[in-house]
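Have a look at the structure below, then the notes.
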Amino acid sequence: MNAVIYRGTREIGGTLIELSSGKSRILLDAGYPLFLNGNPIDDKVAKLPHEELLKLGVLPSIDGLYAWDPPGFDGVVISHAHLDHYGLLKYVHPSIPVFMSPGTKTLIDLSQTFKIVEQYPINSRLFNMYEPFDVGLFSIKPFLMDHSAFDAAAFEIQAEGKRVIYSGDFRGHGRKAACLDRFIRQATKEADVLFTEGSMVSRSDELTITEDKLERLVVDKLKDKTGITLVQSSSQNIDRIVSFYKATLRLGKTFVVDVYTANVLHELHGLGNKIPYPSYKKMKVFYPLRLTKKVFDEIGAEYANRFSPYRISREQVAAEQNEIVMWVRSSMKTDLIRCKLKGGTFIFSMWQKYRENKYQQAFEKWLTEQGFNDIYMHTSGHATISDIRRLIDGLNPKRVVPIHTMDPNAFLEYSDKVDLFNDGVTFEV
Ligand SMILES: [Zn+2]
Ligand SMILES: [Zn+2]
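For what it's worth, the numbering used here labels the leading residue of the sequence shown as -15, then goes sequentially.
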């Protein structure tokens, strides 16, 4: 079996790993990069024609993968619904099957339906966690992982008597922390290669409290505060929504989500996941003007009408603002003006780097002018160094190959089995 990491040996995001065995080839993740030549990638780059993207290296040169070449892959396997792991699917040849978990498919479908990402057909096939499936000569067993993307997977992959483990993105301090323990217990020991992520190796200043602790901190911070609480985070980060929903219940308040977030919860709940959704107690759905117009004009009225019984109006928000914790986005300023808010607390609950964007800064400046206090409360979606070490020690692989990290050399301290490669270099497993 051979392996090539097309991107990720020295950067976070944009992961693509090829495994080949005989005539079978599979790709693990098809990620859009977060960086170009070491700088955060400009939004405009995504709109360039594919010839340009190939020249820039946004699309690595890979035979038989893209729509304009004869197809040469048995399948693409996606670990989770973050763009830095699936954002290149648009360019994959439409006849190549794309394997993913039901939660991952739901999140990608919703992003497309709501036009957060471009719409393009995906030749998707579903797998269930812990149930092995075959792609060409490869047998692949997915493991549910704890990560900020819902239904994220790690994979154990076998062919020709060789075994590779790919961690995907993971952590051990979220609401599914037990999944990391189970993975370490159940995955095969002494695999030939372990590809493990290492985002936090260079981000050790990022907070890593548990989601439970974050929930308690929210309660502590808010219990003496008056006024509405506005929370800005990702609508697809279900662990975080659960943390704030539970904190809101403990405060005896009402949790208000926008109609997009309501759809995310509704669809994932519909898959049989025990997560809160709009019919749960003390949860209401707000209809922001722009988003609601988009739903009725472009997406489909059913995505708005399904939450009519749980609707909260601007007038109700105005009247009950002291009793509300509300999920917001920077595009909701006009709606918030109409809610006649009398100040309150704004909690930012994402990676701080996202605050550097001009649009975000204008939104926060406006909030400050309205008398909002600003609190930062976040915990990383990625594994701490001690959890990375626990994974390596527990699985005891023959070789450790770091990926999704800015600092692969740091791994040399964690294990004497570390092998470092450059992007695009083929090596034998
Ligand atoms: Zn990632
Ligand atoms: Zn991720």
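C-beta atoms are modelled at their ideal positions from N, C-alpha and C, and glycine is treated no differently.
Check                                                                                                                                                               : Outcome
Would you list the residues sitting across from Met113 in a DSSP beta bridge?                                                                                       : According to DSSP, which records beta bridges pairwise, Met113 is partnered with nothing at all.
Report buried or exposed for Val409, applying the criterion of at least 16 other Cβ atoms within 10 angstroms of its Cβ.                                            : exposed
Can you check whether the CB of Ile308 is closer than 8 Å to the CB of Lys258?                                                                                      : no
Quick check on this structure: which residue in Phe356, Leu320, Arg200 has the alpha carbon closest to the alpha carbon of Ile331?                                  : Phe356
Apply the 10 Å Cβ neighbour rule to Glu102 and answer buried if 16 or more other Cβ atoms are within range, or exposed otherwise.                                   : exposed
Based on Cα-Cα distance, which residue from Asp400, Met390, Phe405, Asp403 lies nearest to Met417?                                                                  : Nothing in the structure corresponds to residue 417, since the chain is present only between -15 and 413.
For the structure I just gave you, are there three or more beta carbon pairs, one from the segment 346 to 363 and one from the segment 311 to 326, closer than 8 Å? : yes
In three-state terms, what does DSSP make of Trp350?                                                                                                                : helix
Pick helix, strand or coil for Glu144, following the three-state DSSP scheme.                                                                                       : coil
For Phe228, which three-state DSSP category applies?                                                                                                                : helix
Do Val148 and Arg109 come within 8 Å of each other at the CB atom, strictly closer than that value?                                                                 : no
For ligand 1, list every residue whose C-beta falls under 6 Å from any of its heavy atoms, going in chain order.                                                    : Gly(-3), His66, Asp68, His69, Asp153, His388
For Tyr287, does the three-state DSSP call read helix, strand or coil?                                                                                              : helix
Please state the DSSP three-state secondary structure of Thr318.                                                                                                    : helix
Closest by CA to Met(-15), which one among Ile1, Pro392, Phe167?                                                                                                    : Ile1
Nearest by alpha-carbon distance to Ser151: which of Ser8, Leu164, Pro24 is it?                                                                                     : Leu164
From this set, Lys7, Glu115, Val29, Ile10, which residue's C-alpha is nearest Tyr16's C-alpha?                                                                      : Val29
With a cut-off of 8 Å, do at least 3 Cβ pairs link the segment 222 to 242 to the segment 196 to 208?                                                                : yes
Are the CB atoms of His366 and Ser333 nearer to each other than 8 Å?                                                                                                : no
For Gln345, count neighbouring Cβ atoms within 10 angstroms of its own Cβ and tell me buried if that reaches 16, exposed if not.                                    : exposed
Go ahead and pull the three-state DSSP assignment for Lys237.                                                                                                       : coil
Measuring straight from C-alpha to C-alpha, what distance separates Ile296 and Lys268?                                                                              : 6 Å
Mind checking which residues open and close the beta strand (DSSP E) that includes Ile369?                                                                          : Counting along the chain, Ile369 falls outside any beta strand (DSSP E), though it belongs to the alpha helix (DSSP H) covering 369 to 379.
Within 10 angstroms of the Cβ of Pro293, are there 16 or more other Cβ atoms? Answer buried if so, exposed if not.                                                  : exposed
Does the distance from the C-beta atom of Ile212 to that of Gln305 stay below 8 Å?                                                                                  : yes
Helix, strand or coil, according to DSSP, for Met390 in the structure here?                                                                                         : coil
With H, G and I counted as helix, E and B as strand and the rest as coil, what does DSSP make of Gln220?                                                            : coil
Check whether the Cβ of Ala137 lies closer than 7 Å to any heavy atom of ligand 2, and answer yes or no.                                                            : no
Just the C-alpha distance for Val243 and Val301, rounded to the nearest angstrom, thanks.                                                                           : 15 Å
So Ala162 packs on His64, CB below 8 Å; how close in whole Å?                                                                                                       : The pair is not a contact, with the Cβ atoms about 18 Å apart (cut-off 8 Å).
Among all the DSSP beta bridges, which residues are the ones paired with Arg(-9)?                                                                                   : Leu0
Are the segment 224 to 231 and the segment 48 to 68 touching by the rule of at least three beta carbon pairs closer than 8 Å?                                       : no
Under the rule that 16 or more other beta-carbon atoms within 10 Å means buried, what is Thr88, buried or exposed?                                                  : buried
Looking at C-alpha atoms only, which residue of Lys337, Lys31, Tyr70, Phe405 is the closest neighbour of Ser217?                                                    : Lys337
Could you work out which residue in Glu286, Arg313, Leu128 is closest to Val241 when comparing CA atoms only?                                                       : Arg313
Once DSSP output is grouped into helix, strand and coil, what is the label at Ile92?                                                                                : helix
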